[in-house]
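So the sequences go chain by chain: F and C. Position in the first sequence (from 1) plus 274 gives the number in the numbering used here. Position in the second sequence (from 1) plus 3 gives the number in the numbering used here. Ideal Cβ placement from N, Cα and C applies to all residues, glycine included. Treat the numbers as computed from the prediction; the structure is a model and nothing was measured.
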Amino acid sequence: MKVPLTWLQEYVSLPTSTLDLTDRLTAIGHMQDHLPVEVAGTSVLDLEVRQNRADCLSIIGLAREVAAATIQELRLPVVSETLSLGQASDSLVTIAPQTECYRFHAVRFDNVQIAPSPDWLVQRLQAYGIKTINNIVDITNFVMVEVGEPLHAFDRAQLQGSLVVRQAKVGESFTMLGDKTIQLDPADIVVADDRGPVAMGGMIGGLSSGVSDQTTSIILEAATYNQASIRRSSLRHSLRTEASLRHEKFLHTELTEVALRRAVGLLQELAGAEVVEQTDCLIQPEPKTVLSMRLARLQSLSGIHFSLDQATAILNRLGFELGAQSATELEVTVPYFRTDVVQEEDIIEEVLRIHGYDQIPDRLPTTAVPADLTSPNYALEEEISDVLVGFGFDEQITEPLTKEEFSVLEPVKLQNSLNSEKTMLRTSLKPGLVAALEYQKKFRKTEVLLFEVGRIYYRENDTFQEKNKVGVLVSGPIISILKVKGYLEGLCLRLGFSPLTGIAKLEMLDSVTGFFELDLATLLDQKNKTFQLHQNALRTSVPQVVFEDFSLKAPHEVKVGEVMAAVTALSPLIYRVELGEYPRELSATEKSIFLKVQYHATEGQITTNQVQTARQSILEMVAEKYKTFLR
Amino acid sequence: MSGDVTQELLALQVQASTEIEAVFTVDDLEKLSQQYLGKKSRYTEVSAELRNLPPETKKTVGQALNHYKQTLTQAIESKKPTLSSSASQKFDPITQDDSLPGIKPALGHLHPTTVVIRKINSFFRYLGYSVYEGPEIESNEFNFEKLNLPADHPARELADTLYIFEPEVLLRTHTSSVETRAMTNEELPLRIVVPGKVYRNENANMTNNAMFYQYEGLVVDKNMSMADLKGTLNRFVQFLYGPEVKTRFRCKYYPQVEPGGGLDIQCTFCHGDGCNVCKYRGWIEVLGCGMVHPTVLKKCGIDPEVWSGFAFGMGLDRLVMLTYGINDIRKLYNGELVFEELA
């Protein structure tokens with residue numbers, strides 16, 4: 275909201291320093307958006323628009339805020355008590371049933387003298403940033419900015435029949451001021467004469483009925499609409515006007531009359547206009563809001579020991595009426611311009627913000643610390659990341675919004691994505707990491723180690739699933755499937771459990787790039803079954819071991835890992851089984867297995883006899899179970 | 004006579020030490036050794052004359068000789084290993100050059116967003132907050148309805164929602180949806196923080212991305228006030244930006260809270276003078292916050308007459324970008340973040 279200081283000054287005395295003013299406004303909820311600029315001989319503030327404060331899109335509304343915050347008097351423009359809006363009539367306008375319009379108030383003027391506006395009015399509008407047209411249009415714009423209610427003037431000569439406010443018809447079009455034609459939607463509100471729409475309600479006037487130099491008779495209107503309807507029309511047609519900006523907020527039905535009376539005074543004064551008649555269609559008057567505010571509630575929410583007098587003084591300055599009052603409670607009537615105040619907490623905020631948030635004491639909750647609800651995933655994700663970073667991996671976070679060529683799972687698709695490259699949620703962490711790898715290659719790194727901890731998403735039986743995963747990608751000149759597997763095994767061991775077959779599918783994406791994806795829930799499950807530290811990793815004494823090598827021949831289909839596991843499990847005398855070399859092909863049906871076995875006694879030194887027995891049991895077992903024999 | 008000799012030895016010793024220090028090769032060192040300690044050296048000459056000296060002089064000169072020999076022998080021995088060699092000694096390029104870089108282990112890195120989340124988590128964990136998790140695919144109920152954001156609320160049109168099935172299934176537009184879940188499902192009192200991904204239907208540019216990170220916190224307990232909120236956030240901001248940081252606590256509107264507030268820090272780049280980073284405001288908005296709106300509490304099944312609470316939230320990406328000097332948010336999440344140690 276642009277606020278020319280000379281205009282604001284009409285209604286309230288300002289602090290001498292503009293910085294003091296903007297600081298104070300910021301503190302009470304009207305943050306300065308940009309630095310003040312000089313326009314038309316005055317400093318113009320630029321304040322952030324508050325979504326819930328229709329009144330702060332008016333100079334008087336902001337003057338009231340300044341007056342309350344700096345304890346100054348608010349000087350409202352004087353409108354004569356005797357001023358008349360004309361003879362009541364029902365001939366000017368009607369509101370059709372089921373129209374999203376709550377009040378439409380029209381006043382007819384004759385003998386209007388079109389002229390340029392006086393300098394003061396031109397200066398005000400220029401400083402605010404509205405082009406001046408002629409005295410009639412300028413007065414409507416001036417009153418809109420001053421009190422926050424948009425007004426519109428029709429050239430009566432250009433209208434045919436009386437006006438009706440209604441929803442637009444299917445196929446109807448409208449040519450607005452500025453000569454742009456749009457197709458209307460039945461959700462748009464129009465003001466129409468016998469020939470069709472002459473204005474889009476709450477948005478903009480029509481080209482055909484605008485006030486011109488030839489105009490002598492006008493119909494001036496002020497209205498309130500369903501703000502959501504205006505907001506949607508504004509979005510639908512990408513049309514934002516000074517009028518729609520205000521109508522898309524909650525304007526009170528009483529505001530129309532305030533604005534019309536102010537405009538009538540100015541029209542009489544500056545255009546010699548004569549009021550003839552008025553039609554006021556009031557469909558749904560806003561009820562008065564009366565709220566009670568408990569002092570105890572004010573104190574407990576704000577953390578400040580306010581007195582009733584302090585609260586009363588602040589609320590009075592803001593224009594709230596104070597009714598019946600007890601020692602512990604205030605009855606507060608909300609003024610029509612404060613449509614944002616609907617409950618006790620809103621009143622509390624009013625008192626607190628004018629008193630000043632900087633006055634709130636600084637303390638910490640002293641209640642006991644509640645139960646720890648931290649997800650076990652959180653600690654596990656941290657641990658996994660730390661292990662992988664320790665292995666030399668770099669973490670990536672890639673965007674789950676994507677477009678996959680091929681999905682293993684049924685993907686979750688988006689209905690309304692603006693971006694054709696982001697039409698669904700990822701079903702795997704692989705594409706994101708592969709894209710990252712492509713980029714990393716530009717840096718000529720010899721080896722790229724990447725991981726991501728994040729979710730994948732898919733549909734299953736009409737439910738939407740999100741699973742926490744860790745994706746691991748390794749790429750480099752000496753990357754083999756065994757190296758990829760080694761990272762998987764290393765990660766599992768570091769997490770505290772032996773690597774399980776099938777915990778992840780290892781993929782070679784090309785001859786030098788491997789990938790696997792782990793399910794966090796599975797890892798968590800495994801981890802819960804074991805200790806923090808892998809049991810087998812802990813020694814408290816030096817083992818007395820005896821070494822022996824086994825050079826074996828086995829059928830091709832025998833799995834070496836299984837043989838090793840079976841040998842390890844065979845006897846407590848067997849301390850460790852290692853693979854001496856990777857298998858080689860011996861013949862069309864046989865391959866080599868070279869095992870290095872370490873024996874130890876559970877107590878004392880192992881005897882030659884014990885070694886003999888263990889050795890025999892190994893050879894018997896592999897022969898029987900795996901058709902594997904000494905070479 | 005004895006005085007002259009001891010003086011002479013001392014002078015020789017000083018001269019020799021200087022020359023030893025300046026020598027570059029083992030050969031040259033050997034030459035110096037011969038010159039000052041060898042057969043034809045003055046040292047050997049004086050040593051030979053020693054027995055002819057009277058006993059009182061003998062003792063002083065003997066001591067001077069010993070000192071001379073010890074000092075120079077030591078200087079020569081300690082010089083030897085530092086010298087490059089002639090043909091007789093093998094050149095070792097590693098011990099010879101202490102400026103050589105070491106062989107580094109592979110250095111892995113956490114993503115900067117993770118680093119910042121962990122840092123902030125550590126602060127709130129210390130104050131007794133849980134790190135709470137919730138779904139990213141969210142319902143209208145938890146993302147909007149329970150947050151006092153009914154269908155016609157202007158904030159809903161500002162938050163351009165990505166829908167899976169409009170209007171019921173969507174991608175969460177803020178981490179506040181996790182807070183309504185916690186308030187609905189967990190026992191009170193409650194003290195949680197929620198870091199996480201959120202989504203908006205936006206075309207990406209340098210400052211906006213369809214996915215970004217938020218960090219929110221929530222306390223629901225008895226007798227919570229704006230003072231508890233302010234105290235918590237002031238300490239948090241000092242933790243994040245240092246104890247000297249200047250803060251500003253002001254009124255601000257959010258539909259989920261009432262009273263609502265915003266916490267700014269004085270711009271750490273221009274110290275309040277106004278610059279590009281703070282858009283010439285002198286202040287940077289850090290957090291939005293307030294007392295949980297009674298309607299929100301009620302919709303989550305909590306009696307606002309018994310319980311009160313405060314909530315606060317911030318976008319994380321800008322903090323990450325300012326901390327690490329990244330000027331394009333897309334670079335954080337499109338796989339174009341590369342770690343290279345240049346030192």
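| Asked | Found |
| --- | --- |
| Following the continuous beta strand (DSSP E) through His379 (chain F), name the residue where it begins and the one where it ends. | Cys375 to Asp384 |
| Do you know offhand how far Leu395 (chain F)'s Cα is from Leu494 (chain F)'s? | 19 Å |
| If contact means a Cβ-Cβ distance below 8 Å, which residues of the stretch 319–332 of chain F contact chain C? | Arg324, Gln325, Asn326 and Arg327 |
| Indicate whether the contact test is met: 3 or more Cβ pairs, each with one atom in the stretch 489–505 of chain F and one in the stretch 451–471 of chain F, closer than 8 Å. | yes |
| Mark Ala624 (chain F) as exposed unless 16 or more other C-beta atoms lie within 10 angstroms of its C-beta, in which case mark it buried. | Correcting the residue type first, residue 624 (chain F) is Glu in the shown sequence and not Ala. Buried. |
| Leaving out five residues on either side along the sequence, give the residues of the same chain with a beta carbon under 6 Å from the beta carbon of Thr414 (chain F). | Leu425 and Ala427 |
| If you measure between the beta carbons of Val223 (chain C) and Val134 (chain C), is that distance less than 9 Å? | no |
| Step through the CB atoms of chain C and report whether any lies within less than 9 Å of the CB of Met305 (chain F). | yes |
| Does the stretch 608–617 of chain F come close enough to the stretch 205–219 of chain C to have 3 or more Cβ pairs within less than 8 Å? | no |
| How big is the Cα-Cα spacing for Val353 (chain F) and Ile332 (chain C)? | 54 Å |
| Kindly identify the DSSP beta-bridge partner or partners of His308 (chain F). | F:Asp320 |
| Please confirm whether Ile302 (chain F) has its beta-carbon closer than 9 Å to some beta-carbon of chain C. | yes |
| Using the C-alpha atoms, what's the distance from Val299 (chain C) back to Ala517 (chain F)? | 32 Å |
| Pro104 (chain C) touches chain F at which residues, Cβ-Cβ below 8 Å? | Within chain F, no residue comes near Pro104 (chain C); the closest Cβ sits about 16 Å away, beyond 8 Å. |
| What's the C-alpha gap between Phe383 (chain F) and Ala537 (chain F)? | 11 Å |
| One question on the structure: do Gln670 (chain F) and Leu699 (chain F) come within less than 9 Å of each other, judged by their Cβ atoms? | no |
| Please go through the same chain and pick out, in chain order, the residues whose beta-carbon is closer than 6 Å to the beta-carbon of Ala67 (chain C), but skip the five residues on each side of it. | Thr9 and Leu12 |
| Does the separation of the CB atoms of Asp307 (chain F) and Leu321 (chain F) fall below 9 Å? | yes |
| Beta strand (DSSP E) containing Cys254 (chain C): first to last residue? | Thr250 to Cys254 |
| Figure out for me which residue from F:Gln361, F:Gly403 and F:Val386 has the closest Cα to the Cα of Val318 (chain F). | F:Gly403 |
| Could you list which residues in chain F have their beta carbon closer than 7 Å to that of Asp224 (chain C), in chain order? | Pro639 and Thr641 |
| Mind checking the stretch 402–432 of chain F against chain C and listing, in chain order, the residues whose C-beta falls within less than 8 Å of any C-beta there? | none |
| Spatial neighbours of Ser44 (chain C) within its chain, please: CB distance less than 8 Å, with the 5 preceding and 5 following residues excluded, ordered by chain position. | Gln37 and Gln38 |
| If I follow the unbroken alpha helix (DSSP H) through Glu763 (chain F), where does it start and stop? | Ile755 to Leu769 |
| Check distances from the C-beta atoms of the stretch 650–676 of chain F to those of chain C and list, in chain order, the residues that come in under 8 Å. | Asn651, Tyr652, Glu656, Ser659, Leu662, Val663, Gly664, Phe665, Gly666, Phe667, Asp668, Glu669, Gln670, Ile671, Thr672, Glu673, Pro674 and Leu675 |
| Are the stretch 744–751 of chain F and the stretch 151–170 of chain C touching, with three or more C-beta to C-beta distances below 8 Å? | no |
| Find the residues of chain F that neighbour Ser180 (chain C), judging by a C-beta separation of less than 9 Å, and give them in chain order. | Those within 9 Å of Ser180 (chain C) in chain F number zero; the least Cβ separation is about 13 Å. |
| Which word fits Leu703 (chain F), buried or exposed, when buried means at least 16 other C-beta atoms lie within 10 angstroms of its C-beta? | buried |
| Cβ of Lys282 (chain C) less than 9 Å from any chain F Cβ? | yes |
| Using the rule of at least 16 other Cβ atoms within 10 Å of the residue's Cβ for burial, across every protein chain shown, is Lys276 (chain F) buried or exposed? | buried |
| Should Phe448 (chain F) be flagged as near chain C, meaning a C-beta pair shorter than 9 Å? | no |
| Using a Cβ-Cβ cut-off of less than 9 Å, list which residues of the stretch 695–725 of chain F approach chain C; keep chain order. | Lys696, Leu699, Gly706, Leu707, Val708, Ala709, Ala710, Leu711, Glu712, Tyr713, Gln714, Lys716, Phe717, Lys719, Glu721, Leu723, Leu724 and Phe725 |
| With DSSP run on the structure shown, which of helix, strand or coil describes Ser91 (chain C)? | Only weak support is given to the placement of Ser91 (chain C): the predicted model assigns it a pLDDT of 49, under 50, and the value that follows is read from those uncertain coordinates. If DSSP states are grouped into helix, strand and coil, Ser91 (chain C) belongs with coil. |
| Between the C-alpha atoms of Ser91 (chain C) and Asp30 (chain C), what's the straight-line distance to the nearest angstrom? | With a pLDDT of 49 at Ser91 (chain C), under the threshold of 50, the predicted position of this residue should be treated as unreliable, and no value is reported. |
| For the candidate residues F:Leu481, F:Leu525 and F:Glu446, whose alpha-carbon lies nearest to that of Val421 (chain F)? | F:Leu525 |
| Check whether the Cβ atoms of Leu853 (chain F) and Thr887 (chain F) lie closer than 9 Å to each other. | no |
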